[in-house]
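The structure appears below as structure tokens.
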Amino acid sequence: MKIALTGIKPTGTPHLGNYLGMIRPALNLARDYEAYYFIADYHAMTTVKDGAELRALSYDVAAVWLALGLDPARVTLYRQSDIPEVTELTWILACITPKGLMNRAHAYKASVDENRERDRDPDAGVNMGLFNYPILMAADILLPAANVVPVGADQRQHLEMTQDMAEAFNATYGPILTVPEAIIPDDVATIVGLDGRKMSKSYGNVIPIFDDPKQLRKTVMRIVTDSRPPDEPKNPEEDTIYQLYRHVAPPEAASSMAERYLAGGLGYGTAKGELYEALESTFGPARERYQEIVGDRAEIDRILAGGADRVRARAVPLLEKIRDAVGVCPLPAR
Ligand code: ADP
Ligand code: TRP
Numbered sequence: 011m012k013i014a015l016t017g018i019k020p021t022g023t024p025h026l027g028n029y030l031g032m033i034r035p036a037l038n039l040a041r042d043y044e045a046y047y048f049i050a051d052y053h054a055m056t057t058v059k060d061g062a063e064l065r066a067l068s069y070d071v072a073a074v075w076l077a078l079g080l081d082p083a084r085v086t087l088y089r090q091s092d093i094p095e096v097t098e099l100t101w102i103l104a105c106i107t108p109k110g111l112m113n114r115a116h117a118y119k120a121s122v123d124e125n126r127e128r129d130r131d132p133d134a135g136v137n138m139g140l141f142n143y144p145i146l147m148a149a150d151i152l153l154p155a156a157n158v159v160p161v162g163a164d165q166r167q168h169l170e171m172t173q174d175m176a177e178a179f180n181a182t183y184g185p186i187l188t189v190p191e192a193i194i195p196d197d198v199a200t201i202v203g204l205d206g207r208k209m210s211k212s213y214g215n216v217i218p219i220f221d222d223p224k225q226l227r228k229t230v231m232r233i234v235t236d237s238r239p240p241d242e243p244k245n246p247e248e249d250t251i252y253q254l255y256r257h258v259a260p261p262e263a264a265s266s267m268a269e270r271y272l273a274g275g276l277g278y279g280t281a282k283g284e285l286y287e288a289l290e291s292t293f294g295p296a297r298e299r300y301q302e303i304v305g306d307r308a309e310i311d312r313i314l315a316g317g318a319d320r321v322r323a324r325a326v327p328l329l330e331k332i333r334d335a336v337g338v339c340p341l342p343a344r
């Protein structure tokens, strides 16, 4: 069976963009693929500098996957830092990766551009973890030899870089690494946030999926709209409320909202109320499971340890092959 693999950084509690863009497609994919889903705690270290916070956020992300229906007997759920072989492969890949390729990475370039705009040193505030981020991500993907990687559109460049690194490695040392493909479903590639821009923790415009109902309603009410009155016909394609609603409501309810917008008579307040209800029925039951699971760290540890064993069983033999090909010594016995 082919391998699907994806990761999520524990940098905050998962939001609707993560869920629609990546988590839900990944859970669906797990029916047809052997799935490896992990918590990218080393990646989160580029921004989270508090150990207790990183640990808590990692448990949180694990609990979210489990509450949303990930079955740990069928899907291998693990923590990146349980697989030290990944950081080792990061070094090996770094040695065949041109620095110029990393200079073009979106996240790094965005920091440099912002620094230039503010007349600061171009690399001010940039740590080497941020610069090397795409190489660590390539190692995550290449070590378990993933075939497909379900992600949102913002990860497309990282996947292209991973392909470049795998091809460069294979050209130098022989056909050892599997070249993966991104899976980015068109209709959920970029989910919009409260302000109409891409929903992202870094923009502060997210709808956290497991907030309590009162907070969830408040957040939905903050969605930015124009000031047109209810009677005026509106284009649902340009409306943030509908753009979210269509992914969480039953299809007939979604077409009904679109029709009422187009006909005139549907006001933003009413539409927000309907979105809130749809979110509540999508996430309410899972929220209860989440609250039970997140408090049971021993159980999460047990699941993650099982996942780590399974993924290391794939990673270690491949790393042995890689060590042999590049000419360093075999792995020391563990
Ligand atoms: P954030 O941008 O909020 O920091 P992450 O980088 O942790 O989110 O993203 C985790 C996964 O969720 C990635 O696969 C990413 O592409 C996907 N994702 C994040 N935000 C969105 C969005 N607005 N639309 C679609 N997918 C998204
Ligand atoms: N970079 C991804 C993000 O920001 C998270 C990630 C780390 C990842 N390693 C990965 C995603 C490997 C897919 C495969 O969302």
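One point on numbering: in my numbering, the residue at position 222 of the sequence shown is 232, and numbering is uninterrupted.
Note that CB positions come from ideal geometry on N, CA and C, so glycine has one too.
Of all C-beta pairs linking the stretch 153-171 to the stretch 186-197, three or more are shorter than 8 angstroms, placing the two stretches in contact. Counting only residues of its own chain and dropping the five nearest sequence neighbours on each side, residue 270 has a CB closer than 6 angstroms to the CB of 276.
Shown here, residue 313 sits in a helix according to DSSP, grouped into three states. Classified as buried, residue 19 has 16 or more neighbouring CB atoms from the shown chains inside 10 Å of its CB. Here residue 300 has 73, 74, 77 and 220 as same chain residues with Cβ atoms under 7 angstroms from its own Cβ, once five neighbours each way along the sequence are excluded.
Within the same chain, and ignoring the five residues on either side of residue 309 in sequence, the residues whose Cβ sits closer than 8 angstroms to its Cβ are 303.
With a threshold of 16 other beta carbon atoms within 10 Å, residue 90 meets it and is buried. Burial is judged here by how many other beta carbons sit within 10 angstroms of a residue's own beta carbon; residue 144 has at least 16 and is buried. Between residue 99 and residue 329, the CB-CB gap stays under 8 angstroms. By the Cβ criterion, the stretch 100-108 is not in contact with the stretch 27-45, since fewer than three pairs of Cβ atoms, one from each stretch, lie closer than 8 angstroms. Annotation for residue 154: 13, 15, 46, 321, 324 and 325 place their beta carbon closer than 7 angstroms to its own, counting only its chain and skipping 5 residues before and after. Excluding the 5 residues flanking it on each side, residue 32 has same chain C-beta neighbours closer than 8 angstroms at 16, 18, 160, 161 and 162, in chain order. Looking at the DSSP output, residue 220 shares a beta bridge with no other residue.
Residue 340 counts as exposed, since fewer than 16 other C-beta atoms from the protein chains shown sit within 10 angstroms of its C-beta. Judged by DSSP in its simplified three-state form, residue 166 adopts helix. In its chain, beyond the 5 residues on either side, 335 have a beta carbon closer than 8 angstroms to the beta carbon of residue 184. Nearest Cα to residue 50 within the set 37, 39 and 65: 65. DSSP lists no beta-bridge partner residue for residue 229. Excluding the 5 residues flanking it on each side, residue 213 has same chain C-beta neighbours closer than 8 angstroms at 203, 205 and 207, in chain order. Residue range 250-258 is occupied by the alpha helix (DSSP H) that includes residue 258. Rounded to whole angstroms, the gap between the alpha carbons of residue 177 and residue 149 is 13 angstroms.
Taking C-beta separations shorter than 6 angstroms and ignoring five residues to either side along the sequence, the partners of residue 318 in its chain run 88 and 92, following chain order. Between the beta-carbon of residue 27 and that of residue 216 there is about 7 angstroms, and that keeps the pair under the 8 angstroms contact cut. In this chain, residue 200 is not harboured by any beta strand (DSSP E), its DSSP state being neither H nor E.
Proximity to residue 307 across 69, 291 and 25 peaks at 69, based on C-alpha coordinates.
Distance check between residue 290 and each of 267, 266, 268 and 255 places 255 closest, using alpha-carbon atoms only. In the structure shown, the three-state DSSP call for residue 114 is coil. Annotation for residue 283: the continuous alpha helix (DSSP H) segment containing it runs 278-304.
Counting along the chain, no alpha helix (DSSP H) covers residue 93, and no H or E run does either. Using a Cβ distance threshold of 8 angstroms, residue 267 and residue 284 count as a contacting pair.
Proximity of the beta carbon of residue 313 to the ligand ADP is not indicated: no heavy atom of the ligand is located closer than 7 angstroms. Taking residue 232 as the centre and dropping the five residues before and after it, the same chain places the C-beta of 204 closer than 7 angstroms to its C-beta, in chain order. Its chain contains 137, 139, 140 and 143 as the residues whose beta carbon lies nearer than 7 angstroms to that of residue 56, once the 5 sequence neighbours on both sides are disregarded; these appear in chain order.
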